[in-house]
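A.B. asks: One structure follows; several queries about it will come next.
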Amino acid sequence: MFSKLQKIKESILEFFIRGSGILIILFVVLIFLFLLKDSLFFFKSYPLKDFFTQKKWLPISEPPSFGIIPLLLGSIYVTFFAIIICVPLGMGCAMFIAEVAPSFLRNILKSFVEILAAIPSVVLGFIGIVWLGPLVKKIFSIPTGMCGFTGSLLLAFMALPTIISISEDALRSVPYTYKEAAFGLGATKWQTLWRVILPAASSGIIAAIMLGIGRVIGETMVVMMVTGNSPIIPSSILEPLRTLTATIASEMGETVRGGLHYFALFSVGLILFIITFIINFLADLFLHRSKK
Amino acid sequence: MNYPCKIKTINLNLFYGEFQALKNINIKIPPKNITAIIGPSGCGKSTLLRCFNRMNDLIESVRTEGKVIIDNQNINLPETDLISLRRKVGMVFQRPNVFDLSVYENLAFGVKIHRLYRSKTKILEEIEHALESVGLWKELKDKLKKNAKNLTLDQQQRLCIARVIILKPEIILLDEPCSSLDPIATLKIEELLFQLKEKYTIVIVTHNMQQAARISQFCGFMLLGELVEFDTTEKIFTYPSDTRTENYITGKFG
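If you're matching them up, the sequences are chains A and B in order.
Residues 6 to 297 (this note's numbering) are what the first sequence spells out, left to right.
Residues 13 to 266 (this note's numbering) are what the second sequence spells out, left to right.
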C-alpha cells in the first residue's frame, strides 16, 4: 500500500520535472516561431533582398524603406568597441583576482564585481546622459556626446562582470600542479600565467568573451538612452547611431498593430534572435571543450 | 662515513605555522648516485626534498631555519636566485603534470623561459636529445605536435623527466614519481633512473621500500620530521643501526 502511494508520488514528481524541462525547450521554439511568423508577414509585402541591401531605415516616409544595414552596423560598431574596451580590462581584472591578489583583496574585488552586475542598466544610461556623454563630447570635441562611443563605454561596463567572473573561474580551475611544474622549472609568476595558465584556460576565456558579446548585443536601455538614436549608417564610432535593440524598443510604441512597420520590427527581432543564438551556441561549444 | 657531497643540510628546521615538520636535519647527499628518502607518510620526506629547490616558498606560512648547501653555496638565503637554482635542481612530481600543450611546447617551455637557445633547429635538436635520454624519441618523434595530455601516464611522467633534463640540471629531485603508475611502467621509470644516475645526482622520495632497495645507493629513513638514519642502502636494509629503522624496514609499522 505504502509502496504504491510512493510510486504515484514519484511519478507525479517525475512528470513535473520532465514537464518543466520540456517547457523550456517549448518556450524557445515558440518564441522563434512567433518571430518567424510575423517576419514572414513582413517579407510577403517587402522584399527580403531590399531588407538586407537598402541603406536607409525610414519606416514612416512614403514609400517606407526598411534597410536593416544601418541598424546592424550600429549594433556591430557598438559591440565591437565595447568588446575592445572590456576584454583587456576584464582579463586583467580576472588574472589579478585569480592569480595575484591576496585572499582578502580577492573577496572584496569579487563582491564589487557582483555589485557591478547588479546596477540596473537604466541607471548606467542616466550616468551616460548627464556625465559620460558631455565628457566624451568635450574630449573628442564633437557636436554631441550622445554617440556610439559613449554607448560602447557603458556597454563595456555592463559586460565586465560576465567576462571577469567566467574567466576567473576558468583561470582558477587550472590545476595547481601546472603551476607547481612551471615554478619547478624556474618560471616566474608572469611566465607561468602567460605560457601555462592562460593557454590551459583559453576555451573558458573565449566562452566568457562570447557571453560578454551576447550581453552587449542584446542590451537595450543604455544604448537607447545614450547613442543618439539616429538610424543612419555611422561613418565613425563618434557619431550618433542606433542599434537593433534600440530600434525595436523606441519604435514599437508608435506603430500600427498589424501594419508593415510593426512586422518590420519583428524581422529585426528575428535577426537579433539569430545573432544571439549563434553567439550563445559558440560560447557553449567553447565551454564544453574546456570541461573536456 | 666520509664521501664527497653535492647537497648538504646543516641544522635544517622547517615550520608550517606552529607545526614543526623538519627537526634539525643534517644530511649529506653524494653526487651522481641515487639517494632514496623513505619513511611513513607525513614524516616530512617530501618537505625535505622541496627544501633542495626552495619549492616550499610557494606555501605562505612556511618558515625555514638552518642551511641548505649545494656546491658549497647556501641556497637557503633570501638573495638566492630561485630561477637559476631551479634550473640546476629540477623536480619531478608525484602525478605527471604535463602542461595542456603539445609535446613540443612542453619541452620548449623551459628553453624559452631560460632563453637557452634561439634557433628553432637547435631547440628541436635539444628536444630530440631530451626525449632520447628518457627513451621516448622513437615513440614520439612523429607526435611532437600532439597534446601531451593524450599520452599514457607512463609517457607523461617520462616527458616530465625530459622537461627537466632539457635544462641540463645537475640534480633531479623526484617526489614519489611512480605512485600513479602501474608496476610495468614503474619498472621502466626505475630503469631510466638507473641510467640517468651516471650524469645526474638523483634524490628520490618514495614510500615503496622495495623501490628504494632496488634503485638507490644511499638511503635515508625519516620519522616524525627527523632523519633517523642515513647510510648506504645496503647497510640500511641489512644492518640498520637504529631500532626504529629496523622496525620500519621489517614492516612492524608503516
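Glycine is no exception: its CB is placed at the ideal position from the N, C-alpha and C atoms.
Give me the Cα-Cα distance between F27/B and V146/B, rounded to the nearest whole angstrom.
C.D. replies: If I take the Cα positions, the gap works out to 36 Å.
A.B. asks: Report the start-end ranges of each alpha helix (DSSP H) in the region 190-241 of chain A that is 4 residues or longer and not cut off at the edges.
C.D. replies: 194-197, 203-223, 226-231
A.B. asks: Starting from the beta carbon of R200/A, find every residue of chain B whose beta carbon is closer than 9 Å, and list them in chain order.
C.D. replies: Ordered by position in chain B, the residues that pass the 9 Å Cβ test against R200/A are F111, L113, E117, F121, K124, I125.
A.B. asks: Got a sec? Which residues, its chain only, sit under 7 Å from P181/B by beta carbon, not counting five neighbours each side?
C.D. replies: R99, K100, V101, G102, Y212
A.B. asks: Need the endpoints of the alpha helix (DSSP H) that K132/B sits in, please.
C.D. replies: 132-145
A.B. asks: Tell me the rounded alpha-carbon separation between K297/A and L290/A.
C.D. replies: Legend: pLDDT at K297/A = 49, less than 50; position of this residue unreliable, value from coordinates given subsequently. K297/A and L290/A have their C-alpha atoms some 11 Å from each other.
A.B. asks: Going along the chain, which residues of its own chain have a beta-carbon closer than 6 Å to the beta-carbon of L277/A, five neighbours each way excluded?
C.D. replies: Short of 6 Å from the beta carbon of L277/A, and not among the five residues preceding or following it, lie these beta carbons of its own chain, in chain order: L249.
A.B. asks: Report the neighbours of L179/B on chain A: residues whose CB is nearer than 8 Å to its CB, in chain order.
C.D. replies: L190, G191
A.B. asks: Which of the three DSSP states is assigned to G138/A in this structure?
C.D. replies: helix
A.B. asks: Restricting to Cα atoms, I'd like to know which of D55/A, L40/A, W199/A, G95/A is closest to L114/A.
C.D. replies: Comparing Cα-Cα distances from L114/A to each of D55/A, L40/A, W199/A, G95/A, the minimum goes to G95/A.
A.B. asks: Taking 7 Å as the cut-off, is the CB of L160/A close to at least one heavy atom of the ligand ZN?
C.D. replies: Absence of the ligand ZN is noted for the structure shown, with no ligands found whatsoever.
A.B. asks: Can you list, in chain order, the stretches of the beta strand (DSSP E) that have 3 or more residues and sit fully within the region 107-155 of chain A?
C.D. replies: none
A.B. asks: Roughly how far, in whole angstroms, is the beta-carbon of G133/A from the beta-carbon of H126/B, given that I think they are within contact range, below 8 Å?
C.D. replies: About 50 Å separates the two Cβ atoms, so there is no contact after all.
A.B. asks: Note down the Cα distance separating E77/B from T59/B, rounded to an integer number of angstroms.
C.D. replies: The alpha-carbon atoms of E77/B and T59/B are separated by roughly 13 Å.
A.B. asks: Please classify F109/A: is it buried, with 16 or more other beta-carbons within 10 angstroms of its beta-carbon, or exposed?
C.D. replies: Flag for F109/A reads exposed.
A.B. asks: By a C-beta neighbour count over all protein chains shown, 10 Å radius and 16 as the cutoff for buried, is A175/A buried or exposed?
C.D. replies: buried
A.B. asks: What whole-angstrom Cβ distance do I222/A and T58/A have, given they're in contact under 8 Å?
C.D. replies: The pair is not a contact, with the Cβ atoms about 22 Å apart (cut-off 8 Å).
A.B. asks: So M103/B is in the beta strand (DSSP E); what residue range does that whole segment cover?
C.D. replies: 101-104
A.B. asks: Rounding to the nearest angstrom, what Cα-Cα distance links T281/A and D55/A in this structure?
C.D. replies: Taking the straight line from one Cα to the other gives about 23 Å.
A.B. asks: Whole-angstrom Cβ separation of A48/B and S192/B, contact assumed at under 8 Å?
C.D. replies: Wrong, their Cβ atoms sit about 18 Å apart, outside the cutoff.
A.B. asks: Counting pairs of beta carbons, one from the region 201-209 of chain B and one from the region 234-241 of chain B, are three or more of them closer than 8 Å?
C.D. replies: Flag = no, the region 201-209 of chain B and the region 234-241 of chain B do not touch.
A.B. asks: For I284/A, collect the residues of the same chain with a Cβ closer than 6 Å to its Cβ; drop the 5 residues on either side in sequence, then sort them by chain order.
C.D. replies: If we look at I284/A and ignore the five residues flanking it on each side, its Cβ neighbours are M215, I218, G219.
A.B. asks: Q223/B by DSSP, collapsed to three states: which one?
C.D. replies: helix
A.B. asks: With a threshold of 8 Å between beta carbons, is E185/A in contact with chain B?
C.D. replies: yes
A.B. asks: Output, in chain order, the set of chain A residues within a Cβ distance shorter than 9 Å of I95/B.
C.D. replies: In chain order: G191, A192, T193.
A.B. asks: For T257/B, which of D154/B, S131/B, G51/B, D69/B has the nearest alpha-carbon?
C.D. replies: G51/B
A.B. asks: Rounded to whole angstroms, what is the Cα-Cα separation between K200/B and V74/B?
C.D. replies: 35 Å
A.B. asks: For R147/A and A187/A, what's the separation of their Cα atoms in angstroms?
C.D. replies: Just to set this straight, residue 147/A is Ile in the shown sequence, not Arg. One C-alpha to the other measures close to 50 Å.
A.B. asks: Where do the N-terminal and C-terminal ends of the alpha helix (DSSP H) with T250/B fall, by residue?
C.D. replies: 245-250
A.B. asks: By Cβ distance below 6 Å, which residues in the same chain neighbour K134/B in space, the five residues on each side in sequence not counted?
C.D. replies: none
A.B. asks: Look at the Cβ atom of C231/B, then the Cβ atom of I214/B, and state whether they are nearer than 8 Å.
C.D. replies: The answer is no: Cβ separation not under 8 Å.
A.B. asks: Residues in its own chain within less than 7 Å of V118/A by CB, not counting five upstream and five downstream?
C.D. replies: P166, I169, S170
A.B. asks: Identify the contact partners of A205/A in chain B, using a Cβ-Cβ distance below 9 Å as the criterion.
C.D. replies: In chain order: F111, D112, L113.
A.B. asks: Report the rounded CA-to-CA distance for S44/A versus V110/B, giving the unit in angstroms.
C.D. replies: 53 Å
A.B. asks: Could you tell me how far apart the beta carbons of Y116/B and K153/B are, in whole angstroms, since I believe they sit closer than 8 Å?
C.D. replies: With a Cβ gap of about 11 Å, Y116/B and K153/B do not count as contacting.
A.B. asks: DSSP three-state label for S53/B, please.
C.D. replies: coil
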